[in-house]
Structures are given as C-alpha cells and as structure tokens.
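A short worksheet on the structure shown next.
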Amino acid sequence: MSIVTLRINGVERSDDVEPRMLLVQYLREVAGLTGTHVGCETSICGACTILVDGRAVKSCTQFAVQVNGRSVTTIEGLAADGELDPLQEAFWNEHGLQCGFCTPGMILTAHQLLETHADPDETTIRHAIDGNLCRCTGYHNIVRAIQTAAAQR
Amino acid sequence: MPGVLSVMTGEDLGERLGPLPIRHDIEGLQSPPRYVLARDVTRHVGDALAVVVAETEAQATDALDTITVSYDPLPAVTDLVTAADPSAPRVHAHLATNVSFSKTTRAGDPDREFKNAAVVRSQRLVSQRLVPTAIEPRCVVAEYDRGYEKLTVTTSTQVPHLVRALLGHILQLPEHRVRVVAPEVGGGFGAKLNFYPEEPLLAYLSRELARPVKWTETRTEAFVATTHGRDSICDLEVAADATGRLLAIRATLYQDLGAYLQLSSPHIVSGTAAMITGCYAVEHLDVTLKGVFTNKTTTDAYRGAGRPEATYIIERAMDLIAHAVEADPVEVRRRNFVPVSSFPHTTATGLQYDSGDYAGALDKLLVNADYQKLRSQQTEARQSGRLFGIGLACYVEMCGFGPSAMMAAGGWESCEVEVRRTGKVIVRTGLKPTGQGEETAFAQMVADGLGVDLDDVDVVHGDTDIVGEGVGTFGSRGMVVGGSALARCVDIIREKACRIAGHLLEASASDIVFAEGRLYPRGAPALARPFQEIAEAALVASQLPASIEPGLFAVHYYEPTGLTFPFGAHLAVVEVDEDTGAVTLRRYVAVDDCGTMINPMLVEGQVHGGIAQGVGQALFEHGVYDENGQLVTGSLMDYAVPRARAFPRFELDHTVTPTPVNPLGAKGVGEAGTIGSTPAVVNAVMDALRPRGIEHLDMPLTPERVWRALHPVTP
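As structure tokens, this is what we get:
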C-alpha cells in the first residue's frame, strides 16, 4: 500500500491505496466522485479525462500514486459557488449532450482548450476533442457549445 | 483466496438457473437454449463459462487469473455463407444445420419482369458487422433482500420492465417482488435492448450470498459479450426498364446471427426484407431470407435494426440502375417514388406506409445542397483530376413499434400524470430514454396542455417500482408511442379540470375555456381560475360533488394503431485522396421528415447522432473475426468509432408530413439519420471513383480498401 496525498477540487485528502489502483478508480471509489467515467481500458474514449495541475489527463492511464502532491480538478470541481462554468452552461443550452456519459471528460478537455485558445476555430476544436469519443451527438452540438463558451469567457 | 466468496461454473448452477427465457414466434425457428454460464460447450469468444465473486474488484481479478480452462477445440465456422451450407461445422451439434430460420416472400411476377427487362443488374451487398459501442459499458447490481423477499436489480438497460418480467421467470420469483432500476443510462442504441445473462446471474448470486453483488463490463468484455449489429449479406438482382424504372427485385438475404439468439436477433433481417422496396413503387419481388448461426457474438438490434441494411440495398440499387441507363441518380429516384396520392400505400412486402412525400423531401434537399452547383464543382474538380463525389440516399423507414399484435411482449406504452395541489406535475413514463430528451419534450407537452411552467413538471422513468408497467425505449417509439400516451393523459386531465372548474364556476364543463393555464366560462374571463387552484380543489375536495372523484391525475396505456414511416433525403459530398485512399466528408446535407416535431432541437440531436453512426458504418467501423472466431477488432484501438475530426457540420432541414397513425402526427426520428447516411456516403464515394471505372466497393470504405481499388496490383 502507498499513501497518496493530493488536492481534489481544492480540498486536500490523503489515502492509503494499492500502487496498482488507477487514478480513475481512486477518484470514483475512494474519493466518491463518480462524475469521472470509465468507458474503456485502452485510453481511447476520453470519458475519464480530468485536469491535473490544469492539464487534461486521461485518469485511466495514471496510477493514483502518480498524482501524489498534485492538484486535481474533476467535473464536480468546475462550478464555482453554485454557478455553472460557461462550458457547462453552453453544453446545456446548446444540447451538447444526450446520454451525458462522455460529457465530463469532453468538458474538461474543452476547458484546457479554452485556457490556451480564446477563440478556437472549428478545425482547432475538432482536433482538440479528438481524444474524446461521443456516440450520441455526432459532435455537432459539442462543437457549437465549445464555441459558445469561448465567446462567453 | 483472500476475499473470494463464490466461484461457479455452468455445471455448478445445474438446474437452479434454467436457460434464458427468450422465445420467438417464428414458424420453424431453431432456437437452441442459452444458459447463463455456458456448460460443456462455449460457442463464441465472450461466451462466459465461470463467475468469481469477491469482496473487491482487485481480489476478483486476482482470483480470475488463477483459473485455467482446458478447451478441446471444435471446428469453428465464421464465414456467413459457408455457415449456411449443410456441410459446415455446426455451431449447435443437435441441429441439422446452422440455418435457424428461412422465409420467402413473393409478390407479382418477378420472373416475367426479369425476363423482359431492358436492364438487369446483380450485386452482392454486405452490411458489415458493427459493434454498437455505447460509451457506458453495461453494469449490473443485484440486491436480494431476504427480509422482504424482494430482488432489486440496477442495470444499464433500455427495457427495465422486460428485464423485471424475465428475471421473475428465470428465478421463479413473483414479479411484484422484483424491482428493476435503470437510472441514467450512458447510451443504448439497441445494444441494451435485451436480457443479458449477467442480470439473472447476479440476481442468483445475490440471493445465494445474501449480499449485494456488482459487475461492470470492461470495454474488452463489451466487445465480445454485448450484442453486435448488422452482419448481413444481400445477393441482389434488380430489373429495370430503359428509363430506369425499377420493375422487380430478387434478393437472398443472409443474416449472421452469431452463436445464440437474443431478444430481437431473428427479427432484424425480416425488417430488411420488409423495407427492401424503400421509397419506390415496385410491385414484383422475390425475397428469401435466412438466419444463420456462426461462432461469433450474437447480433441483435443496433440503431435501425434491419432498416439501414434495406436502405443500403435499395439505394445502391438505384445508383446502379442510374449508371446502367446513364441517367441522373436524382431523376431515376423521382421516376420511381411512391406518389403522394398513393398513401396510405401498401408495399409489395405487405407493409402499409402511413404518409409520405418523398419528392418533396428530395426537392428541398436539392435546393439546400445547391445540387446543380455541386455537379458543376464536380465537373471542374474532375478536370483537374480530383476524385470528387456526390452521393444521394432517399429513405423511408418503419418505426414507432408498434401494434401489440406484432410485438412479442406488448407494443403499447404507459403514462401516468399526477397534478399536486400546488399545481406541480409529475409524469411517469414507461419509456427508458438514454439521452433522447423526453424529460424536456414531455415537460413541454404538459406545460403547453396545462399551462404550467416547464420547471414545474418532472418526468420520471427507469424504476419499475415507481413506473409500474411499461415497455421501454427502442425502435424510434419514444415520442410516437410514449408521447401519444402522454397526450391522452393531458387530455384526460384537461377534461377533468374543466369539469371541476365548471362545478366551481357554475357552468357546464363544455362551456369552460382552458387556455394559458386559466379556466373560465366562455364569455366570462374575469371569472378565470388558475390551473393550480383547480388542482387544489381536486385534492382538498371539500367542494367536489359526489359525481367527481377527488384528485387530478390520468393513466393511459397507448396502443399504436400501426407503424409509422419517417422519410427523407440525404446528400454527402466527399473527396478521395488518390494517393492514400482517404475519404474526406466535405459536406453533409439532410432533409428529414418525422412528422410533427415537438422539440426541433432534440429532433436534430437525434439526426446528428444517427448520421454519425451511419457514416461510421460507411467509412470506419468493422467488427472483424479471423477464421478461428477471434474478434480481431477487440478494442477501441482497432475498432474505429468516428471522432470529431471525421465530420463537417451537418446541414439539416425538415419537411413535415404528419402521420395519421397517432394523435401527435409524430413519426419518430431516433434511427432515421443512421438509415439515410450510410448509403448517401457510399454512393458519394462510388461517385467519386467512377472516373476510375470502379463500380462497387464494400463498406467500410477505409483508405486501404479504396487505395487497393485505385491501385490494383497487376502480377
């Protein structure tokens, strides 16, 4: 067992975990934050995407112990003081989600994109979300939602 | 081993869990039993043969690693046409052949038409095996409460009530003590329209262990143990006259069933046969279908469930005919459309199309796409050697399942609407949406009908203790059947509200106007009472006469009077890179007609997602098996679910041709996008390749496949 200490959504915690425990398992089963989803085990689908020190990371491809001392943001940590993040608002208003399973990962990937690109064009957005699969929306309204959020920020 | 609570094989279960109680009402059908865990023989990769229960997932995984299975290999058959031959290795030893069922439909005099036709074309058309890949894999939690003798199963399903009924049956539990909960489900697409072995298995284990038991499918497991889609071959012959009028169709359809039959497995190919005439008025046909077992994962419903295959067949046929008679693919289709005056139209396959205006949708599409300009662009592009293609598909599909007489376990849908004394409304629907948006559309319908705020309506689904009876979500039936049930409930509540208001306002119910949330006698709007006051009066009941029962609620089980037939016309513009074979989808233009649209944004969402899946079949996806029955495309690394970069924006538009079949006029739209897009894209690629003399290529039109056709190796 190993101790992992980190900040999740601004709150510090410390847990004793098996070294083989994946970060996504840790977030869901130990920290109880089930907004991060598991859609595959080959790092393709992106449903597990979170932010580690502000950078989008697939949490299925990290061990929990690898984020020792780091700061993690999950979908639960995006809304500040009960106010939805512009991305969350935009996904809602633009029908950028249907079943919602890919959505937390999609939003966090988009979050990193918008931190680095104030006004991304369509090609840039589609390239940025290349690592996030969606089976429901055909990506059409996801792209619109990201553009809307970019305009709002 | 530490933490291991139980290990069981099929033999251990013995008679305690019988075969899955799935039956099909098809004459002559061979349907071998399937047990929850395979016993003696496993028939496909993914056919589970043992289960380990442990306190933690890690302990269960470690325990699994210690199991060694000694297999005596049997000859496998994975090629569909080979499997249909009587000499093929048998998937089920006790059956004479692998053919589970066979049926022929004939209409008119196809032999005469073929003999006299100016044009006859043959083509083998393959609808390749697909893996539905909802992003949420399946998961099941079973809890048997010994005190209440009650089983609760939480499962990622499209059909909680069916799962409840079948759990009761296989576990010999009274159905009223079984609860199935399907909370938010992360996509279904038909792959969760089923009763899977894990559901009764976990229920059994939970009862035996007196502990809740949970299982979550890995993606690798999903690839082999969740049903696949499509996998059918059509040997097609079409006869046409010199102007391109379609005279007759001959087709042999082979459906790869996989190793076992699950809920709808044998019905997919019969849907294909039924819809094979598409939008066209063809009267002569001879269609034989055969369902064949192979040593692969079971095939079952996947978005479109037989109708994408039919549309692919007939729309490729229309292009083949157009090329044969050297006419524009648009004109050939026009020549063959069932005209508006023909509706309701009975097809040669015996279906009654409700309403349609195929030319209307096509006309709108051509305007929106600026078809003439596209053809000019193509001419220019071809002059500079570019492979630029325009592809068309006109589709009609059957959905809104369906009249109970044609369904195995009921085709109605339930709805309950209750109004609280505060005027808030709760809707309970037997549907099980997985993102289609009935929570919004149904709230809209209630807000519209009762004059309440959208936010004051809650729509509840997915728990069989809360919604006592229902059928579920599949076959584009949500708004059509579930919405029609809701519409009736709203009418019932309106009618009762008027009766109560009439009593309170001393007018007859028929003189009460109920508009914008207020009720008043005609001509006396100053006396208006808000709907909430009527609801309160209904429940406080102190002023109700004996003739009016307290409460303001409605229950309706809506029985469809027929199937519905949405239709449309789609157009794809592609460019093929001659050096790499890569296909770029440049534009996608669609006109869809789903009848009345309650919420256009939700309708478009369904079309977007449907188009993406259809494009996936045309260009990217293929569930590939090797000759030993190994699923070679066994993970997302090899199975190409399309990504955002594959698509342009979809240009959508609509015509509205209401159906007379239900009070809403709604035809359904959940699968339509998938049905129109696959042939539109394939036709576009083949159009792009025409200058190189390539007549037909099978899907998926991957760069390799296209490149090989463009650069044939001459020995």
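Protein chains in written order, with the working numbering: chain R, 2 to 154; chain B, 805 to 1519.
Beta carbons: idealized from backbone N, C-alpha and C, even for Gly.
Since the model is a prediction, treat every value here as computed from it, not as a measurement.
Range of the contiguous alpha helix (DSSP H) that encloses residue i
i        : result
E146(R)  : The residue asked about is misnamed: residue 146(R) is Ala in this sequence, not Glu. Start and end: H141 to Q153.
T1115(B) : R1111 to A1128
M107(R)  : T104 to T117
Y1162(B) : Y1162 to A1173
A1212(B) : Neither: A1212(B) is in no alpha helix (DSSP H) and is coded neither H nor E.
V784(B)  : Because chain B spans 805 through 1519 in this model, residue 784(B) falls outside it and cannot be assessed.
L1493(B) : A1476 to L1493
V1556(B) : Any question about residue 1556(B) goes unanswered here, given that chain B covers just 805 to 1519.
H1426(B) : Looking at the DSSP string, H1426(B) is not in any alpha helix (DSSP H), and its letter there is neither H nor E.
L971(B)  : P964 to L975
I1072(B) : H1071 to A1078
Enclosing beta strand (DSSP E) for residue i [first to last residue]
i        : result
K907(B)  : V903 to A911
I1194(B) : L1191 to V1200
D1262(B) : V1261 to V1264
L955(B)  : K954 to T959
H1374(B) : F1371 to V1380
G1095(B) : H1088 to F1097
Y946(B)  : Here residue 946(B) turns out to be Ala, not Tyr, going by the sequence shown. Element bounds for A946(B): C943 to D949.
Chain B within 7 angstroms of residue i, Cβ atoms only
i       : result
F64(R)  : no
H141(R) : yes
E77(R)  : no
G83(R)  : no
C100(R) : yes
C103(R) : yes
Whole-angstrom C-beta distance between residue j and residue i, which should lie under 8 angstroms
i        : j        : result
L134(R)  : C61(R)   : With 8 angstroms as the limit, L134(R) and C61(R) do not qualify as a contact, their Cβ atoms being about 13 angstroms apart.
P1237(B) : T1478(B) : No, P1237(B) and T1478(B) are not in contact; Cβ-Cβ is about 17 angstroms, not under 8 angstroms.
E1166(B) : M1202(B) : At residue 1166(B) the sequence reads Leu, which differs from the Glu that was named. Between M1202(B) and L1166(B) the Cβ distance is about 20 angstroms, and since that is not below 8 angstroms, they are no contact.
Q1240(B) : Q99(R)   : 7 angstroms
R847(B)  : V895(B)  : 6 angstroms
A880(B)  : N1432(B) : 6 angstroms
H965(B)  : G1266(B) : About 10 angstroms separates the two Cβ atoms, so there is no contact after all.
L1308(B) : Q1336(B) : Actually they do not touch by this definition, with Cβ atoms about 13 angstroms apart.
A1029(B) : Y1106(B) : Contact flag wrong, Cβ pair sits at about 15 angstroms.
A1301(B) : A1484(B) : About 48 angstroms; that fails the 8 angstroms criterion.
A1422(B) : P1495(B) : No, A1422(B) and P1495(B) are not in contact; Cβ-Cβ is about 20 angstroms, not under 8 angstroms.
Chain R within 7 angstroms of residue i, Cβ atoms only
i        : result
A1339(B) : no
A864(B)  : no
M1405(B) : yes
T1478(B) : no
R1023(B) : yes
E1475(B) : no
E1242(B) : no
I1415(B) : yes
H1426(B) : no
H1412(B) : yes
G1409(B) : yes
T1030(B) : no
T959(B)  : no
T1238(B) : yes
E797(B)  : Chain B is shown from 805 up to 1519; residue 797(B) falls before or after that span and cannot be answered.
**OP:** Only counting runs of 4 or more residues, tell me where the alpha helix (DSSP H) segments fall wholly within the segment 982-1055 of chain B, in order along the chain.
**Re:** 1002-1013 and 1023-1029
**OP:** Taking only runs that begin and end inside the segment 57-93 of chain R, name each unbroken beta strand (DSSP E) of 3 or more residues, in chain order.
**Re:** 72-74
**OP:** Scan the segment 118-150 of chain R for residues whose Cβ lies nearer than 9 angstroms to a Cβ of chain B and list them as they occur along the chain.
**Re:** Taking a C-beta cut-off of 9 angstroms against chain B, the contacting residues of the segment 118-150 of chain R are E123, T124, I126, R127, H128, A129, I130, D131, G132, N133, L134, C135, R136, C137, T138, G139, Y140, H141, N142, I143, V144 and R145, listed in chain order.
Original post:
Enumerated in chain order, which unbroken segments of the beta strand (DSSP E) with a length of 3 residues or greater are wholly contained in the segment 852-927 of chain B?
Top reply: 854-858 and 903-911
Subject >> Residues, ordered as in the chain, of the segment 86-98 of chain R that lie near chain B by beta-carbon distance below 8 angstroms >> reply: H96 and L98
Original post:
In the segment 1218-1233 of chain B, which residues sit with their C-beta less than 7 angstroms from some C-beta in chain R, listed in chain order?
Top reply: none
**OP:** Please name the residues in the segment 1431-1461 of chain B whose beta-carbon is closer than 8 angstroms to at least one beta-carbon of chain R, in chain order.
**Re:** For the segment 1431-1461 of chain B, which is checked against every Cβ of chain R, the residues closer than 8 angstroms are S1439, L1440, M1441, V1445, R1447, A1448, R1449, F1451, R1453 and F1454.
Subject >> Sequence ranges, alpha helix (DSSP H) only - wholly within the segment 1303-1362 of chain B, length at least 4 >> reply: The DSSP assignment places complete alpha helix (DSSP H) segments of no fewer than 4 residues inside the segment 1303-1362 of chain B at 1335-1344, in order along the chain.
Subject >> Contact residues within the segment 920-938 of chain B, judged by C-beta distance below 7 angstroms to chain R >> reply: T937 and A938
**OP:** Check distances from the C-beta atoms of the segment 44-56 of chain R to those of chain B and list, in chain order, the residues that come in under 7 angstroms.
**Re:** I45, C46 and A48
**OP:** Could you name the residues of the segment 18-42 of chain R whose beta carbon sits closer than 9 angstroms to any beta carbon of chain B, in the order they occur along the chain?
**Re:** E19, R21, M22, Q26, E30, H38, V39, G40, C41 and E42
Original post:
Listed in chain order, which residues of the segment 816-834 of chain B have Cβ atoms closer than 7 angstroms to some Cβ of chain R?
Top reply: none
**OP:** Can you give me, in chain order, the residues of the segment 981-1003 of chain B that have a beta carbon less than 9 angstroms from any beta carbon in chain R?
**Re:** E988, V989, G990, G991, G992 and F993
Subject >> Segments of 3+ residues assigned as beta strand (DSSP E) that fall wholly inside the segment 1388-1445 of chain B >> reply: none
Original post:
Listed in chain order, which residues of the segment 939-954 of chain B have Cβ atoms closer than 8 angstroms to some Cβ of chain R?
Top reply: I939, E940 and P941
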